[in-house]
């Protein structure tokens, strides 16, 4: 059914970087902007993030408050479902574990929904954002995160495709059930593991 | 890909709650890889190729959706990219517009090597956000190759006799760089050619051009480079178009 090979196609990158998941290419120094709607202007001075839902103490933080907590750096790769990967980059912010520990996660909590100021949502199993797997970040390679890339603060879940890392994050809600987010109801995969090529619904 | 809003009403927005096998919302069938036969190949400009594909067990698309094309080397290496559908749902073939990027691994192959009779692995249609049902008022704004999904919308509007519901504004540096220029011109699209002084349609999509499009009741479909869509978003919002009505598809690498 599926063509064995594409006639005359050899491909360029014969030395495949082992850090690239299947079907991904190295975008190099660039960082494509992909957003499904108008880029909002979010003021860093008035921005807040709230962690609520199945937690003991729902809490809202300003950026200044977050900066007083122990910082955390992610250094590594990121992968977009549109097939680019950006290798060996870094982000500075705070580990999501710090915030989850602060609010007290209840036993029934099994999933989260991330929500942006724009109303964008994306869902994840709680296990995918605990134990050093997720961050809130405000710097990229030493510079403030730009508006196009989700500044002042975005979510970062680098082991999954990047639509799981909501830009302009404003709320993280813990739930006992899964609630499909924006792209998850619009044809994309529930979990989005790049190493399993979970791109679209049905993968 | 990372963000968007108010997406939860999307299935209603499509207006066709048809999830039967082969229907427009048959997502599992759409996700399946299949061999499409290349029926026609055209090179409308030096840096572009239009591929018209016969897709077996095809799932009908909504205007605005895309297909993924996957190339496979003899050693199993694969490369895949997404391309917007420029044909209408009623077309027997699926038409993909591909801009040839000089260092593009996939687009150079599609532009330089592919011939009628070849088979290409494809999956689609994909995406349920940047889609237009044809039932609502819409404004399409495209830059360069970003006009391709808008042409799919235009052709669908013609097919269903609803061209009055879709208004278009498109921009490119020169007429050569504007895909489907004749078709867009015939449809009455506002055309702005930014590096064609003294020629018809010379100009840019500035505040007055954008303000003339504003319709808070319509959905805006904005497609092009990050730079183009960023500039248009700002103008649209400043001109009074509610940000929540703007749907964006961005092409191309930027910083």
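Chains as they are written, first to last, in the working numbering: chain A, 383 to 585; chain B, 7 to 261.
Built from N, CA and C at the ideal position, the CB exists for glycine as well.
Q | the region 210-225 of chain B touching the region 233-248 of chain B, judged by at least three CB pairs closer than 8 Å | A | Yes, the region 210-225 of chain B touches the region 233-248 of chain B.
Q. Terminal residues of the continuous alpha helix (DSSP H) containing residue 92/B?
A. Taking the second chain and counting its residues from 1, the one referred to as residue 92/B is at position 86. Annotation: residue 92/B is outside any alpha helix (DSSP H) and is labelled neither H nor E by DSSP.
Q. What whole-angstrom Cβ distance do residue 150/B and residue 231/B have, given they're in contact under 8 Å?
A. Here residue 150/B refers to the residue found at position 144 of the second chain. Here residue 231/B refers to the residue found at position 225 of the second chain. Correct: roughly 7 Å between the Cβ atoms.
Q. Do residue 574/A and residue 546/A have their CB atoms nearer than 8 Å?
A. Counting from one through the first chain, the residue named residue 574/A turns up at place 192. Counting from one through the first chain, the residue named residue 546/A turns up at place 164. Cβ distance < 8 Å, so residue 574/A and residue 546/A count as in contact.
Q. Considering only C-alpha positions, which residue in the set 407/A, 533/A, 558/A, 415/A is nearest to residue 491/A?
A. Start at 1 with the first residue of the first chain, and residue 491/A comes out as number 109. Closest in alpha carbon position to residue 491/A, among 407/A, 533/A, 558/A, 415/A, is 558/A.
(Q) Can you pull out the residues from the region 383-411 of chain A whose beta carbon lies closer than 9 Å to at least one beta carbon of chain B? (A) For the region 383-411 of chain A, which is checked against every Cβ of chain B, the residues closer than 9 Å are 383, 384, 385, 386, 387, 388, 389, 390, 391, 392, 393, 394, 395, 396, 398, 404, 405, 407, 409, 410, 411.
Q: Step through the CB atoms of chain A and report whether any lies within less than 8 Å of the CB of residue 55/B.
A: Stepping through the second chain from its first residue, residue 55/B is reached at position 49. No, because no Cβ of chain A sits closer than 8 Å to the Cβ of residue 55/B.
Q. In the structure shown, what three-state DSSP assignment does residue 186/B receive?
A. Position 180 of the second chain, counting from 1, holds the residue named residue 186/B. Coil, per DSSP.
**Q.** Contact under 8 Å by Cβ, residue 105/B with residue 53/B
**A.** Position 99 of the second chain, counted from the first residue, corresponds to residue 105/B. Position 47 of the second chain, counted from the first residue, corresponds to residue 53/B. It is a contact, given that the beta carbons lie within the stated cut-off.
**Q.** Under 7 Å by beta carbon: chain B residues contacting residue 569/A
**A.** Here the question's residue 569/A lines up with position 187 in the first chain. Within 7 Å of the CB of residue 569/A, the CB atoms of chain B belong to 33, 132, 133, 134, in sequence order along the chain.
(Q) Just to check my reading of the structure: residue 518/A and residue 475/A have Cβ atoms closer than 8 Å, yes? What is that Cβ distance to the nearest angstrom? (A) As a working note, residue 518/A is residue 136 in the first chain. As a working note, residue 475/A is residue 93 in the first chain. Their Cβ separation, rounded to whole angstroms, is 5 Å, which keeps residue 518/A and residue 475/A in contact under 8 Å.
Q | First through last residue of the beta strand (DSSP E) which encompasses residue 225/B | A | Locating residue 225/B in the second chain gives position 219, counting from the first residue. Segment 225-231, the beta strand (DSSP E) holding residue 225/B.
Q. Taking 8 Å as the CB-CB limit, is residue 142/B close to chain A?
A. As a position in the second chain, residue 142/B is number 136, starting the count at 1. Judged by the 8 Å Cβ criterion, residue 142/B is not in contact with chain A.
Q) What does residue 434/A pair with, by DSSP beta-bridge criteria? A) Position 52 of the first chain holds residue 434/A. 555/A, per the DSSP bridge assignment.
Q) Hey, would you say residue 453/A sits closer than 8 Å to residue 576/A, going by beta carbons? A) Against the first chain, residue 453/A aligns to sequence position 71. Against the first chain, residue 576/A aligns to sequence position 194. A distance of 8 Å or more separates the beta carbons of residue 453/A and residue 576/A.
(Q) Quick check on DSSP: helix, strand or coil for residue 447/A? (A) The residue labelled residue 447/A in the question sits at position 65 within the first chain. Here residue 447/A sits in helix by DSSP.
Q.
Please classify residue 505/A as buried or exposed, where buried requires at least 16 other C-beta atoms within 10 Å of its C-beta.
A. In the first chain, counting from the first residue as 1, residue 505/A sits at position 123. Burial is judged here by how many other beta carbons sit within 10 angstroms of a residue's own beta carbon; residue 505/A has at least 16 and is buried.
Q: Would you list the one or two residues that DSSP bridges to residue 100/B?
A: Residue mapping note: residue 100/B aligns to position 94 of the second chain, counting from 1. Answer is 59/B.
Q: Could you tell me the distance, in whole angstroms, from the CA atom of residue 117/B to the CA atom of residue 508/A?
A: Residue mapping note: residue 117/B aligns to position 111 of the second chain, counting from 1. Residue mapping note: residue 508/A aligns to position 126 of the first chain, counting from 1. Taking the straight line joining both Cα atoms gives about 45 Å.
Q. What is the DSSP secondary structure of residue 28/B, counted as helix, strand or coil?
A. On the second chain, position 22 is the one that residue 28/B refers to. In this prediction, residue 28/B scores a pLDDT of 49, lower than 50, which makes its location untrustworthy; the coordinate-derived value is nonetheless stated afterwards. Three-state result, residue 28/B: coil.
Q. For residue 141/B, does the count of other Cβ atoms within 10 angstroms reach 16, so buried, or fall short, so exposed?
A. Along the second chain, read from residue 1 onward, the residue named residue 141/B stands at position 135. Exposed, because fewer than 16 other Cβ atoms sit within 10 Å of the Cβ of residue 141/B.
Q) First and last residue of the beta strand (DSSP E) that includes residue 520/A? A) By one-based count along the first chain, residue 520/A stands at place 138. For residue 520/A, the enclosing beta strand (DSSP E) stretches over residues 517-522.
Q. List, in order along the chain, the chain A residues whose C-beta lies closer than 7 Å to that of residue 124/B?
A. Along the second chain, read from residue 1 onward, the residue named residue 124/B stands at position 118. Those within 7 Å of residue 124/B in chain A are 389.
Q. Are the beta-carbon atoms belonging to residue 60/B and residue 158/B less than 8 Å from one another?
A. Within the second chain, residue 60/B is the residue found at index 54, counting from 1. Within the second chain, residue 158/B is the residue found at index 152, counting from 1. No. Outside cutoff.
Q) Counting Cβ pairs, one atom from each stretch, are 3 or more of them under 8 Å apart for the region 123-139 of chain B and the region 57-77 of chain B? A) Judged by Cβ distances under 8 Å, the region 123-139 of chain B makes contact with the region 57-77 of chain B, as three or more pairs qualify.
Q) Can you list, in chain order, the residues of the region 460-471 of chain A whose Cβ is nearer than 7 Å to any Cβ on chain B? A) Those residues of the region 460-471 of chain A placed with their C-beta closer than 7 Å to a C-beta in chain B are 462, 463, 464, 465, ordered along the chain.
**Q.** Neighbour-count burial assignment, residue 525/A, 16 or more Cβ in a 10 Å radius
**A.** As a working mapping, residue 525/A is identified with position 143 in the first chain. Label assigned to residue 525/A: exposed.
Q: Express the C-alpha separation of residue 494/A and residue 83/B in angstroms, rounding to a whole number.
A: Here residue 83/B refers to the residue found at position 77 when the second chain is read from its first residue. Here residue 494/A refers to the residue found at position 112 when the first chain is read from its first residue. C-alpha of residue 83/B to C-alpha of residue 494/A: approximately 36 Å in a straight line.
**Q.** Reduced DSSP category for residue 73/B - H, G, I as helix; E, B as strand; rest coil
**A.** Numbered from 1 along the second chain, position 67 holds the residue referred to as residue 73/B. The three-state reading of DSSP puts residue 73/B in strand, counting E and B together.
Q: Enumerate in chain order the residues of its own chain whose CB-to-CB distance from residue 46/B is below 8 Å, with the five nearest sequence positions on each side excluded.
A: Along the second chain, read from residue 1 onward, the residue named residue 46/B stands at position 40. Within the same chain, Cβ atoms closer than 8 Å to the Cβ of residue 46/B are found at 56, 57, 58, 99, 122, the five residues on either side in sequence being excluded.
Q) Which chain B residues sit within Cβ distance under 8 Å of residue 432/A? A) The count along the first chain starts at 1 and reaches residue 432/A at position 50. Close partners of residue 432/A in chain B (Cβ separation under 8 Å) are lacking, with about 18 Å as the shortest Cβ gap.
Q: Could you name the residues of the region 183-198 of chain B whose beta carbon sits closer than 7 Å to any beta carbon of chain A, in the order they occur along the chain?
A: Listed by position along the chain: nothing, the set is empty.
Q | Cut-off 6 Å between Cβ atoms - residues of its own chain near residue 389/A, not counting five sequence neighbours on either side | A | Mapped onto the first chain, residue 389/A falls at position 7. Closer than 6 Å at the Cβ level, and outside the excluded window around residue 389/A, lies no residue.
Q. Just checking my contact of residue 387/A with residue 78/B at CB under 8 Å: how many whole Å lie between their CB atoms?
A. Position 5 of the first chain, counted from the start, is the residue given in the question as residue 387/A. Position 72 of the second chain, counted from the start, is the residue given in the question as residue 78/B. Contact between residue 387/A and residue 78/B holds: CB atoms are separated by about 5 Å, below the 8 Å threshold.
Q.
Is residue 83/B close to chain A? Criterion is C-beta to C-beta, closer than 8 Å.
A. Sequence index remark: in the second chain, residue 83/B carries index 77 (1-based). Chain A, which has a Cβ nearer than 8 Å to the Cβ of residue 83/B, makes this yes.
Q. According to DSSP, which residues form a beta bridge with residue 441/A?
A. Along the first chain, read from residue 1 onward, the residue named residue 441/A stands at position 59. For residue 441/A, which the question treats as bridged, DSSP gives the partners 433/A.
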